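Okay, so here's the structure we're looking at.
Chains as they are written, first to last, in this note's numbering: chain A, 16 to 428; chain B, 22 to 496.
Next comes the structure, spelled out in structure tokens:
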């Protein structure tokens, strides 16, 4: 078995495929780390400019260093939320002006792994069996006293090692580069999260390797298996997760965000108008806050139902599980964003009497600073990440078991 | 002879297993997308009309001029093209408290996705072995032993290959159009068809471009298995990497000053400082009027004021002058502070525009971006349509401003003591916002650079393929 693994590694090292793949991985991971690191630095210096003073009732979250690897919703989480009597005024950062950003996905580590490394892993696996058959070496191999299970496992291990070792080296180098900057500190907790992200990444790559091997055991010619696997890859990576979201939207009725903003405007202008008539300002201010809170709660309930449904639909493709797991671990996922919004609303409600009073007597106040604690790892795990990781492992085992079954029945002639 | 090559190429492709797989895949994905997007479009329409009714209800009860601007602010209605192309997702709406993060995590699928990602991949899958595959089979030698030039072979292969790719595309697009147009809620106009025609034409260019690229790569390789690796490598760079990286690169070179800081500053200038200035100016003007009419007392209860205005023409004149002075003070405060805010915003807009331009130019190094911009701009769902929408909103705002002035003058005519800003008014006769599409010709002119880029890529790849093929060793 180890002999086979060694043979695989050696033959990979010498192949054109390996050369291309390594170049691609190195270029992409380094560029991505560099770009996202620069982007993070810019956001950090922007955060220094916009950091609220005690006189300002503003909640701003500092950019999350883990967003270098998985940006997720960090841009949305880093907005400035200013509490006023007529609602929470939101201001978005640098990326919101340039519309070109909204056309294309963020080139972070998560994206590179999600689309490029999955493809790379498939390419490692796709001709494992069918090519050896075409060359005739499969027969020779089986004429030795090696069981088919051992051959398959040996191939898997050999390819997985030749894929993951260069990958891990590149990632560690990139990480060292990011760490050179003194402004970026990773706490112990964040390092643990990073290690977990790497772990999920390895599961994910292993899964696509197994899938590649499975396809190669099902097809007789390498040329056919490459077409088949590329189509399966497109379906899994692009089509299922994205169509799943739209499909879930047809089942759950969620108001559009433009409609919500209109409603918020209608609420506060109505209350202010009534206040100019009966002069009972503070009552109307708190009415605005209450009504906005109700609106938010109603939307949140509906939206959470949509998120749950779309998550479950999307998980048909393990790619979505990977995305959910990585973004949640990095603290840039949907759950974290919801948690932040809750914290912002809590902060708003706690200082609301002060703000309302400050408007009446025109006296500047000192407000407590906004504090946010990211969700604990245990909570992240409980809220789906554990399931997503298990789901990735399940697909791994499934694909490998299927390829074993197919390989046992494989006609080596 | 050229015809024979084309024919052979088409037949060869059609009977291959990859053609069958492609055909099925395209039909399924295109159909599923169009069904789901059409339903979504219909739901958007419903939601939009619900919002309009809510707005009307609000205006009936609470319309007042002081805060009407944000309320009647026009919203973009759902466009008929939404069932094919989504363009920039306005739903992300990151500038408001409520946002919808799902499209950020998983972008939507539409016709642009199908063309840019799927068709380019398919084109490469069909063409990566166009030359080296024939060499491996030994048929290239046979072909060249006939009296046919290499140029003809290359041209025939390109035309034949592209045509075979277009069969499944045209078929699935036709099916999806049937699905879309059978829906009674969707109605397309002439300009929509024109835009679709242009988009399909650009899609053909896009597919040809990738087919030529595949042939180029194929004629630089001796075996299919290494050719596919290079093809995928280049595909990944062109499709997945360059478009995502370039806006970031552009943002490092062409910087925008902190947007949040400027927004805060502008809102401070236009809110707090405006109010302070307004109050100060109001005080001054009031003093002037009071000096002019020292005998009159203006701070009376409303009924008393109304009575005196009716009975005393001198008081009426003085009162009207006072109202005018106060209004003038606030108009001036608005003008001064608005001017200051505008200056800052204009500078910011200029910088944003510079950055956007740079991002667009840089990203045009990938044909995917050119096609994406072209398709979204032509279908009025892209960046162009956002600025067009801003323009027509500005035009409407002007007419609404005139309406408001007239209405306020009318209200004061009726009752000089009225607080025109904070009393409810009947605005059922206000000018309604009408969304008008930008003219197709203007849209077409706007996308010419992108179209040119696609054509240039075509010529570039084809000539490069030609030069490599001439020197190809067929043995």
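Every residue, glycine too, gets a C-beta built ideally from N, C-alpha and C. Given the structure is predicted, the values throughout are model-derived calculations rather than measurements.
For residue i, which of the options has the nearest alpha-carbon?
| i | options | result |
| --- | --- | --- |
| residue 316/B | 407/B, 336/B, 390/B | 336/B |
| residue 472/B | 460/B, 385/B, 51/B | 385/B |
| residue 73/A | 416/A, 157/A, 259/A, 104/A | 104/A |
| residue 95/A | 77/A, 291/A, 86/A | 77/A |
| residue 135/B | 174/B, 44/B, 237/B | 44/B |
| residue 265/A | 68/B, 439/B, 50/B | 68/B |
| residue 272/B | 244/B, 66/B, 377/B | 377/B |
| residue 448/B | 328/B, 346/B, 84/B, 205/B | 84/B |
| residue 211/A | 343/A, 303/A, 90/A, 311/A | 343/A |
| residue 64/A | 348/B, 285/B, 427/B | 285/B |
| residue 259/A | 31/B, 476/B, 61/B, 484/B | 61/B |
| residue 31/A | 321/A, 17/A, 138/A | 138/A |
| residue 167/B | 405/B, 339/B, 22/B, 383/B | 22/B |
| residue 217/B | 236/B, 428/B, 194/B, 73/B | 194/B |
| residue 436/B | 358/B, 341/B, 462/B | 341/B |
| residue 411/B | 64/B, 52/B, 80/B, 95/B | 95/B |
| residue 382/A | 375/A, 392/A, 370/A, 388/A | 370/A |
List the residues of chain B that residue i touches, going by C-beta distances under 9 Å, in chain order.
| i | result |
| --- | --- |
| residue 240/A | Those within 9 Å of residue 240/A in chain B number zero; the least Cβ separation is about 11 Å. |
| residue 178/A | Residues of chain B passing the Cβ test: none, with the nearest at roughly 15 Å. |
| residue 54/A | 269, 272, 273 |
| residue 373/A | In chain order: nothing, as chain B lies at least about 12 Å away. |
Looking only at DSSP bridge pairs, what is residue i linked to?
| i | result |
| --- | --- |
| residue 74/A | 96/A |
| residue 25/A | Paired residues: none, contrary to the question. |
| residue 102/A | 99/A |
Considering just the uninterrupted stretch of the beta strand (DSSP E) at residue i, what are its terminal residues?
| i | result |
| --- | --- |
| residue 299/B | Not the beta strand (DSSP E): residue 299/B falls in the alpha helix (DSSP H), residues 295-313. |
Residues of chain B with CB closer than 7 Å to the CB of residue i, please, in chain order.
| i | result |
| --- | --- |
| residue 314/A | 119 |
| residue 257/A | 127, 128, 129, 130 |
| residue 274/A | 68, 72 |
| residue 291/A | 443 |
| residue 350/A | In chain order: nothing, as chain B lies at least about 11 Å away. |
In the DSSP assignment, the alpha helix (DSSP H) including residue i goes from what residue to what residue?
| i | result |
| --- | --- |
| residue 406/A | 401-423 |
| residue 443/B | No alpha helix (DSSP H) holds residue 443/B; DSSP gives it neither H nor E. |
| residue 115/B | Where residue 115/B is concerned, there is no enclosing alpha helix (DSSP H), given that its DSSP letter is neither H nor E. |
| residue 136/A | 133-140 |
| residue 377/B | 334-384 |
| residue 333/A | 333-345 |
| residue 259/A | 255-266 |
| residue 171/A | 163-194 |
| residue 62/B | 38-83 |
| residue 358/A | 349-376 |
| residue 425/B | 404-435 |
| residue 401/B | Note, residue 401/B: premise wrong, no alpha helix (DSSP H); not H, not E. |
| residue 215/A | 203-233 |
| residue 218/B | 211-239 |
| residue 251/B | 245-256 |
| residue 281/B | 280-289 |
| residue 126/B | 123-126 |
For a contact defined as C-beta to C-beta under 7 Å, what are the partners of residue i on chain A?
| i | result |
| --- | --- |
| residue 332/B | The contacting residues do not exist; residue 332/B stays about 28 Å from chain A at best. |
| residue 254/B | 35, 39 |
| residue 50/B | 254 |
| residue 474/B | Result: empty, since nearest Cβ-Cβ is about 15 Å, beyond 7 Å. |
| residue 85/B | 288 |
| residue 479/B | Result: empty, since nearest Cβ-Cβ is about 22 Å, beyond 7 Å. |
| residue 60/B | 265 |
| residue 88/B | 284, 287 |
Is the closest heavy atom of the ligand MG to the C-beta of residue i under 8 Å?
| i | result |
| --- | --- |
| residue 89/A | Within the structure as shown, the ligand MG is missing, as the structure has no ligands at all. |
Mind pulling the chain A residues with CB within less than 8 Å of residue i?
| i | result |
| --- | --- |
| residue 404/B | 114, 115 |
| residue 284/B | 106 |
| residue 91/B | 280, 284 |
What does residue i touch in chain B if you count any residue whose Cβ is under 8 Å from its own?
| i | result |
| --- | --- |
| residue 109/A | 272, 277, 279, 280 |
Name, please, each residue of chain A whose Cβ falls closer than 9 Å to the Cβ of residue i.
| i | result |
| --- | --- |
| residue 57/B | 258, 261, 262, 264, 265 |
Those runs of the alpha helix (DSSP H) which lie wholly inside the region 270-316 of chain A and span at least 4 residues: 272-293
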